[in-house]
Amino acid sequence: MKKRALFPGSFDPITNGHVDIINRALPLFDEVLIAIGKNADKKYMFDLEQRLDFMKEVFGGNKKIKIVTYTGLTVDFCKLNQIDFILRGLRNPADFEFEKAIAQTNRKLANIETIFLLTSADTSFISSSIVRDIIRNGGNANDFIPFNL
Ligand code: ADP
């Protein structure tokens, strides 16, 4: 059985923090599926098409990576596509508390194991929300993102 992990997120937009987690997960799995979420209740800065384009620009050429979009429960997407692992990054205690509840819920719902990678020291402060703030206010976010705006 191939070891496959799903890395779900908003990626609004993808940051160097996401890139770090994805690159470090690659040796651990046969395939990493990056799953860009589309949540009807969420207001995004970048629409699904743009978030998909940024992702393809960064990881499109990698044979071990698949880029998909999805709606609905992450565990349902995993079951439908025979994916046994969810991959998430941890930056701080707030991430831990939030992720703990989701991971335990997902295991209860679908017996899916969540694998956490600790953020790297040089990207631990990066978040999509801060990047959005910089962009919204006309600053230069290029040190924090893997593509040029
Ligand atoms: P979501 O809305 O699902 O939290 P995000 O795009 O904000 O989507 O994050 C996706 C995943 O990437 C989460 O597991 C998050 O903790 C992780 N992540 C985001 N930024 C970083 C970072 N700088 N270092 C490590 N992990 C990160």
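Heads up, the sequence shown is in my numbering, so the first residue is 0 and it goes up one at a time.
Glycine is no exception: its CB is placed at the ideal position from the N, C-alpha and C atoms.
Pick out whichever of the options has its Cα sitting closest to the Cα of residue i.
{"i": "residue 38", "options": "56, 97, 63 and 70", "result": "70"}
{"i": "residue 88", "options": "123, 56 and 57", "result": "123"}
{"i": "residue 25", "options": "54, 62 and 10", "result": "62"}
{"i": "residue 43", "options": "95, 96 and 12", "result": "12"}
{"i": "residue 108", "options": "83, 96, 94 and 90", "result": "83"}
{"i": "residue 144", "options": "50, 110 and 77", "result": "50"}
{"i": "residue 111", "options": "19, 35, 77 and 18", "result": "77"}
{"i": "residue 20", "options": "132, 35, 90 and 68", "result": "90"}
Between the alpha carbons of residue i and residue j, how many angstroms are there, rounded?
{"i": "residue 128", "j": "residue 81", "result": "31 Å"}
{"i": "residue 134", "j": "residue 33", "result": "24 Å"}
{"i": "residue 28", "j": "residue 6", "result": "12 Å"}
{"i": "residue 162", "j": "residue 48", "result": "Any question about residue 162 goes unanswered here, given that the chain covers just 0 to 148."}
{"i": "residue 136", "j": "residue 130", "result": "10 Å"}
{"i": "residue 125", "j": "residue 4", "result": "23 Å"}
{"i": "residue 41", "j": "residue 9", "result": "9 Å"}
{"i": "residue 117", "j": "residue 92", "result": "11 Å"}
{"i": "residue 106", "j": "residue 75", "result": "12 Å"}
{"i": "residue 52", "j": "residue 138", "result": "22 Å"}
{"i": "residue 55", "j": "residue 46", "result": "14 Å"}
{"i": "residue 115", "j": "residue 79", "result": "22 Å"}
{"i": "residue 149", "j": "residue 121", "result": "Residue numbering for the chain in the displayed model covers 0 to 148; residue 149 lies beyond these limits and cannot be assessed."}
{"i": "residue 94", "j": "residue 100", "result": "10 Å"}
Closer than 8 Å by C-beta to residue i: which residues in its own chain qualify, once you throw out the five before and the five after it? Chain order, please.
{"i": "residue 59", "result": "66"}
{"i": "residue 141", "result": "147 and 148"}
{"i": "residue 14", "result": "122, 125, 126, 127, 130, 143, 144 and 145"}
{"i": "residue 98", "result": "87, 89, 113 and 115"}
Tell me where the alpha helix (DSSP H) around residue i begins and ends.
{"i": "residue 12", "result": "Element bounds for residue 12: n/a, residue is neither H nor E."}
{"i": "residue 104", "result": "92-109"}
Given residue i, which residues of its chain have a CB within under 6 Å of its CB, disregarding the five upstream and five downstream residues?
{"i": "residue 102", "result": "113"}
Which residues mark the beginning and the end of the beta strand (DSSP E) in which residue i is found?
{"i": "residue 85", "result": "84-89"}
{"i": "residue 146", "result": "From DSSP, residue 146 is part of no beta strand (DSSP E); its letter is neither H nor E."}
{"i": "residue 114", "result": "112-117"}
By Cβ distance below 7 Å, which residues in the same chain neighbour residue i in space, the five residues on each side in sequence not counted?
{"i": "residue 1", "result": "29 and 30"}
{"i": "residue 57", "result": "13, 18, 145 and 146"}
Quick check: is the beta carbon of residue i nearer than 7 Å to any beta carbon in chain C?
{"i": "residue 38", "result": "Of the chains in the structure shown, none is chain C; there is only one protein chain."}
Of all the alpha helix (DSSP H) runs that stay within the bounds of the region 29-87, which reach a length of 4 or more residues?
Runs found: 47-58 and 73-79.
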